[in-house]
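J.: Its first residue numbered 3, the sequence shown is counted upward by one per residue in my numbering.
Please read through the structure below; I'll follow up with questions.
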Amino acid sequence: MALADPQPKPPGKPVTGTPPGTNDAVAARLAPRRTRIGRLVRAVTSPYYRYRHAKFFHSLRVGLAMLVSILATTGIDIPHGIWSSVTLLVVIGGLQHHGNIRKKAAERAAGTLLGATLGLALILQQNLFDSLTLTYVLMSVIAAVCAWFAIGSAGYVALLTAITMCIVAGHGDNMIETGLWRTLNVLIGIAIALAFSFALPLHATYSWRYLLADNLRECARIYTRMTTGVPVGSDEQVATFIRMGKRLVQLRSLMPSVAKEIDLPIAKLDEIQRLHRSMLSALEMLSTGTLAHPDRRDAFAQRCGEEANAVRLTLLAAARALRFAGATQFRMPDAATSSTPEAKQGAQIPCEEMAPDLQGPYWLAQRFAEQVERLRALLAASETNWNIERGATDAPARQ
């Protein structure tokens with residue numbers, strides 16, 4: 003049931019007359035050390051490093067984009083260049099995953115162009131009719147229409163339309179030349195923002211994998227402590243389930259972006275999410291029920307220790323595969339539980355032979371083990387999709 007780690011290579015035999023370990027020490031000393039630039043490149047290209055420091059990379063991206071915006075407008079004396087920077091901040095301010103960049107890019111372009119067109123139209127009608135009252139009414143109507151569509155699927159387009167209209171037209175009293183310059187600056191800002199949106203993007207797939215791996219490790223730790231008789235403090239237990247619940251919510255929000263990035267149906271991700279949620283519920287019921295009492299926990303551990311160890315190994319192996327997908331591979335076992343004789347003997351114990359107050363936890367533990375196995379099978383079946391590292395290395399081989 004567990005995912006086996008790759009077997010390490012046996013160490014070579016030391017040369018006669020040299021102390022054990024001398025060859026390894028010499029090889030480590032002679033191995034070329036990475037330069038600072040090499041370490042920096044490795045850190046920047048590391049998915050886990052970018053996941054852990056997503057805020058830093060996002061702030062760096064926005065700062066560099068702002069510098070380019072200033073140099074591209076004010077640096078060459080384009081009038082009203084500040085609006086390029088304003089547009090840039092509006093467009094690129096939110097942290098976007100790679101799966102949503104193209105969609106957001108289309109929405110940004112549509113909202114910007116529509117807002118600039120409406121702004122220029124307001125300036126033209128002001129020059130024709132010279133009525134500020136009419137201009138104010140039209141701007142209010144456009145803002146109301148944008149607000150109507152802002153609460154819906156096209157909310158981002160509507161918001162950018164209203165903002166760009168105000169930037170270009172002001173309160174309708176701008177000159178047509180001013181409106182054209184501001185339109186140009188808005189387009190420059192949107193182009194710079196889109197260019198930097200693709201610079202070191204954060205893949206939602208990595209975030210999804212790392213969050214799920216963290217929860218699986220937490221599940222293994224809690225389940226092991228419950229089934230080995232180790233006491234767990236109530237405050238620590240509550241804090242742990244709060245952390246796992248927050249990760250579960252974050253995983254749900256990442257699913258649309260993950261589905262686009264790895265070309266996996268959202269229904270498959272939803273099935274994994276539902277199994278994950280069911281596992282957390284079963285684990286919480288186990289920890290707050292009969293097994294909350296130390297004596298009952300000890301009795302349960304004597305009956306189900308081997309089976310619990312098999313579940314723990316599966317959880318840890320799945321978490322390791324998600325975390326280190328480039329190095330660890332899923333290996334599909336034939337049996338769903340541990341193949342040790344003790345585990346098989348424990349699994350064959352009739353429920354009637356147990357104490358009445360242990361039958362419920364035992365049944366729930368069996369269901370938890372089944373859910374863990376189903377989750378492992380789903381992850382193994384979809385590994386070719388979410389294992390981005392393997393896909394990147396296999397692509398040249400296929401060519």
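All C-beta atoms in this analysis are idealised placements derived from N, C-alpha and C, irrespective of residue type, glycine included.
1) Closest by CA to T316, which one among Y364, V240, A261, A222?
2) Spatial neighbours of V139 within its chain, please: CB distance less than 6 angstroms, with the 5 preceding and 5 following residues excluded, ordered by chain position.
3) In chain order, what are the residue ranges of uninterrupted alpha helix (DSSP H) at least 4 long that sit wholly in the stretch 168–225?
4) Can you check DSSP and say which residues form a bridge with H99?
5) So, helix, strand or coil for S236, using DSSP?
6) If we ignore side chains and look at the alpha-carbon of each, how far apart do C306 and G101 end up?
7) Kindly list the residues whose CB is nearer than 7 angstroms to the CB of T242, restricted to its own chain and excluding five residues on each side of it in sequence; keep chain order.
8) Could you say which of D300, D272, L162 lies nearest to L380 if we only look at CA atoms?
9) Could you have a look at A164 and say whether DSSP puts it in helix, strand or coil?
10) Give the single residue among V232, L213, T229 whose Cα lies nearest to the Cα of G247.
11) Flag this pair as yes or no: are the beta carbons of R52 and A215 separated by less than 7 angstroms?
12) Skipping 5 residues on each side, what residues in its chain have a beta carbon closer than 8 angstroms to that of R110?
13) Taking the straight line between their C-alpha atoms, what separation do you get for T37 and V43?
14) Here's a check: name, in chain order, each residue in its chain whose Cβ is nearer than 6 angstroms to the Cβ of V313, leaving out the five neighbours to either side.
15) Helix, strand or coil for L266? Go by DSSP, reduced to three states.
16) For D132, does the three-state DSSP call read helix, strand or coil?
17) How big is the Cα-Cα spacing for W388 and W210?
18) Cβ-heavy atom distance between G96 and the ligand FMN below 6 angstroms?
T.: Let me lay it out:
1) A222
2) none
3) 178–199
4) L204
5) helix
6) 43 angstroms
7) E220, I224
8) D272
9) helix
10) L213
11) no
12) V93, Y158, L162, I192, A195, L196
13) 10 angstroms
14) A371, V374
15) coil
16) coil
17) 9 angstroms
18) Here there are no bound small molecules, and the ligand FMN is not part of this structure.
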